[in-house]
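In what follows, a single structure is set out as structure tokens and then discussed.
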Amino acid sequence: MTVATRLSDPISGRAGRNSRRAGRNTTRAGLVIGMVLLLALVALAVVIPFLRPDPNLTDYAAKLAAPSWEHPLGTDQAGRDVLARLAAGARVSLGTAMAVTVLSTVAGLVVGLVPVAAGRLADSVLSRAVDVVLAIPQLVLALAVIGVLGPGVVNLMVAMALAGWAPMARYARAYALAHVDRPFVTAARMAGVGHLRVLWRHVTPATTLSVLSVATLSLAEVIIGLSGLSFLGLGVSPPTAEWGQMVADGRAYLSQAPWLVIAPTAAIVASVGCVSLLADAIKEAPR
1 MTVATRLSDP ISGRAGRNSR RAGRNTTRAG LVIGMVLLLA LVALAVVIPF LRPDPNLTDY
61 AAKLAAPSWE HPLGTDQAGR DVLARLAAGA RVSLGTAMAV TVLSTVAGLV VGLVPVAAGR
121 LADSVLSRAV DVVLAIPQLV LALAVIGVLG PGVVNLMVAM ALAGWAPMAR YARAYALAHV
181 DRPFVTAARM AGVGHLRVLW RHVTPATTLS VLSVATLSLA EVIIGLSGLS FLGLGVSPPT
241 AEWGQMVADG RAYLSQAPWL VIAPTAAIVA SVGCVSLLAD AIKEAPR
């Protein structure tokens, strides 16, 4: 809306300002909720382990005990404290998800920036390779990699990273090509700066910042994917705690002890919601 339109139509201009103000308030509310969830997850992963017993300590005399003062989230089928296992699972689940996101982002940046630096032939070859990987659903590709490597945390992390690098490469290539024509890049070239130096000093930092905002959003998808694969038994080996595996183990006792499923499910939902809200706040932040 132009200045003249706002002056001639004050109601419409006021509505636009109110809409923008409402959008900013929504973003702030999302940021506050996301920060609260983040602090809760940090406390769960860092503080709770010092307050609870060994997450693998069994007590068959207290198996499937309901939530109480001694066991705030009850115990599982082996008498292990669910809160302690939830905290241990936070370190495994969130740590693995962050490692996968970092690996896939770095690989995607490298693959996405190489074509811009190397020329059309490299761009064509790598773009076709990315298209082939993107044609395969990420979960199917991860299952195929795990089928070759076998189950386990490290293999699961490698499988998810191999399945997730292609979207990052596509984003990195698109952002890099967009930044190549920016005025500051053109000015650097006109000043006599070499092609590779322009890419390293100007295009790469700008592309990296753009891809990081996308990577923050993809972290939520990685958390869900890792939990789903662990639910299928392709993640950690017992008795190590992991949220997806805790849901799988507790479903057999859903009618007797629903807290075995509710607690890890709530942790997964909270972590995904936290990442999504923070990513939205970062995306809407003024630059």
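Going by the UniProt record's numbering, the residue at position 122 of the sequence shown is 122; the numbering climbs one at a time, nothing skipped. Note that CB positions come from ideal geometry on N, CA and C, so glycine has one too. Quick caveat, the model's predicted, so the values are computed rather than measured.
No residue range can be given for S237, since it is assigned to no alpha helix (DSSP H) and is classified by DSSP as neither H nor E.
In the DSSP annotation of this structure, Y60 is not part of any alpha helix (DSSP H), being labelled neither H nor E. Boundaries cannot be given for L199, as no alpha helix (DSSP H) includes it and DSSP labels it neither H nor E. Between V153 and T101 the beta-carbon gap is near 15 Å, outside 8 Å, which marks them as no contact. With a minimum length of 4 residues, the unbroken runs of alpha helix (DSSP H) contained wholly in the stretch 110-167 fall at 120-134 and 138-149. The count of Cβ pairs closer than 8 Å, one atom from the stretch 79-87 and one from the stretch 119-139, stays below three, leaving the stretches out of contact. In the structure shown, the three-state DSSP call for D81 is strand.
The way I'd put it, the stretch 211-223 doesn't touch the stretch 254-261; fewer than three beta-carbon pairs between them come closer than 8 Å. Bridge pairing for T75: D81 [DSSP].
Per DSSP, reduced to three states, the secondary structure at R251 is helical. Non-local C-beta neighbours of V247 in its own chain, meaning closer than 7 Å and more than five positions away in sequence, comprise F231, V261, P264 and T265, ordered along the chain.
Straight through space, the alpha carbons of A144 and G30 are spaced by roughly 37 Å. G108 and L254 have their C-alpha atoms some 41 Å from each other. With respect to V111, A169 sits close: the two C-beta atoms are nearer than 8 Å.
One alpha carbon belongs to R91, the other to G164, and they sit about 21 Å apart. Per DSSP, L44 is not a residue of any alpha helix (DSSP H), being assigned neither H nor E.
Here L177 has V116 as same chain residues with Cβ atoms under 8 Å from its own Cβ, once five neighbours each way along the sequence are excluded. Nearest to T208 by alpha-carbon distance, out of A172, A61 and S218, is A172. Within 10 angstroms of the beta-carbon of R85 lie 16 or more other beta-carbons, which makes it buried. The three-state reading of DSSP puts R52 in coil, since its state is none of H, G, I, E or B. In the displayed model, E242 falls within coil according to three-state DSSP, outside both helix and strand.
Residue burial annotation: L121 is exposed, with fewer than 16 other C-beta atoms found within 10 angstroms of its C-beta. Nearest neighbour of T105 by Cα position, chosen from P49, P167, V46 and V203, turns out to be P167. Between A99 and M35 the beta-carbon gap is near 23 Å, outside 8 Å, which marks them as no contact. Pairing A65 with F50, the inter-Cα distance amounts to about 22 Å. C-alpha of A159 to C-alpha of G233: approximately 14 Å in a straight line.
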